[in-house]
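J.:
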Amino acid sequence: MRADARRNRDLIVATAVELFTGRGPGVSMEEIARAAGLGVGTLYRHFPDRQALLEEIAVDSLRRLLTTGRELAAQGLPGWQVLRLMTEHCVELPLSLTKSLSGAPTAHPELPGLVGDVDALLTRIAEQAQREGAMRPDIPPREVVGLLNVAVCRPGARADDALTTVILDGLRASPA
Numbered sequence: 001m002r003a004d005a006r007r008n009r010d011l012i013v014a015t016a017v018e019l020f021t022g023r024g025p026g027v028s029m030e031e032i033a034r035a036a037g038l039g040v041g042t043l044y045r046h047f048p049d050r051q052a053l054l055e056e057i058a059v060d061s062l063r064r065l066l067t068t069g070r071e072l073a074a075q076g077l078p079g080w081q082v083l084r085l086m087t088e089h090c091v092e093l094p095l096s097l098t099k100s101l102s103g104a105p106t107a108h109p110e111l112p113g114l115v116g117d118v119d120a121l122l123t124r125i126a127e128q129a130q131r132e133g134a135m136r137p138d139i140p141p142r143e144v145v146g147l148l149n150v151a152v153c154r155p156g157a158r159a160d161d162a163l164t165t166v167i168l169d170g171l172r173a174s175p176a
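Structure, rendered in structure tokens:
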């Protein structure tokens, strides 16, 4: 891909994330093109429809999340700390858009594998936190991942908002 085409594609994705995050999924493709300072034809050359654009945003977000998660896990930090740091990173990503694609047929070949890889990584981190005694042992790690999805894969999620705080407090092991 030519450098100017790559810049345009990246600009479209960044603008779409900003608009979708700020105004919701009802933003039109024309509004995205206008906000990016590009013609609608340029947008549609890169993304034939809204679904393709949403899938690209999801893939980019999941790649970044997986990279961060692997880097954190490789640092040898306690599992609970890695889980907290991952939660903080998650709320910076447009994961509510990614979540909106779950269960729908997808054309992007990487998307299902990335979802599985992120879930597997979070499951391993939850297992580590349980082995270390920092997380309640009575909640299966797969369910921990589901609870974390509820906390961070919603519009307006923050690491310190009430729902995220309650979920994390509920997962934390009680002091002996």
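Under the working numbering, the residue at position 38 of the sequence shown is numbered 38, and the numbers go up by one with no gaps.
Here a beta-carbon is modelled for each residue, glycine too, at the ideal position from N, C-alpha and C.
#1: Given that a residue counts as buried once 16 or more other Cβ atoms are within 10 Å of its Cβ, and exposed if not, what is residue 143?
#2: Under the rule that 16 or more other beta-carbon atoms within 10 Å means buried, what is residue 16, buried or exposed?
#3: So, for residue 118: in the same chain, excluding its five sequence neighbours on each side, which residues have a beta-carbon less than 8 Å away from its beta-carbon?
#4: Would you mind sorting residue 87 into buried or exposed? The rule is 16 or more other CB atoms within 10 Å of its CB.
#5: Please state the DSSP three-state secondary structure of residue 6.
#6: Which residues mark the beginning and the end of the alpha helix (DSSP H) in which residue 96 is found?
#7: Using the rule of at least 16 other Cβ atoms within 10 Å of the residue's Cβ for burial, across every protein chain shown, is residue 132 buried or exposed?
#8: On the DSSP bridge assignment, give the partners of residue 29 in chain order.
#9: Residue 176: buried (16+ other C-beta within 10 angstroms of its C-beta) or exposed?
T.: Answer, in terms of the structure:
#1: Counting Cβ neighbours within 10 Å, residue 143 comes out exposed, since fewer than 16 surround it.
#2: The residue in question, residue 16, is buried, as its Cβ has 16 or more Cβ neighbours within 10 Å.
#3: Cβ within range, chain order: 62, 65, 66, 69.
#4: Around the Cβ of residue 87, a 10 Å sphere holds 16 or more other Cβ atoms; the residue is buried.
#5: Here residue 6 sits in helix by DSSP.
#6: Where residue 96 is concerned, the enclosing alpha helix (DSSP H) stretches over 95-99.
#7: The residue is exposed, with fewer than 16 neighbouring Cβ atoms inside 10 Å.
#8: Its beta-bridge partners do not exist; DSSP assigns none.
#9: Confidence is the limiting factor: at residue 176 the pLDDT is only 49, short of 50, which leaves the residue's position unreliable, though a coordinate-based value still follows. Result: exposed.
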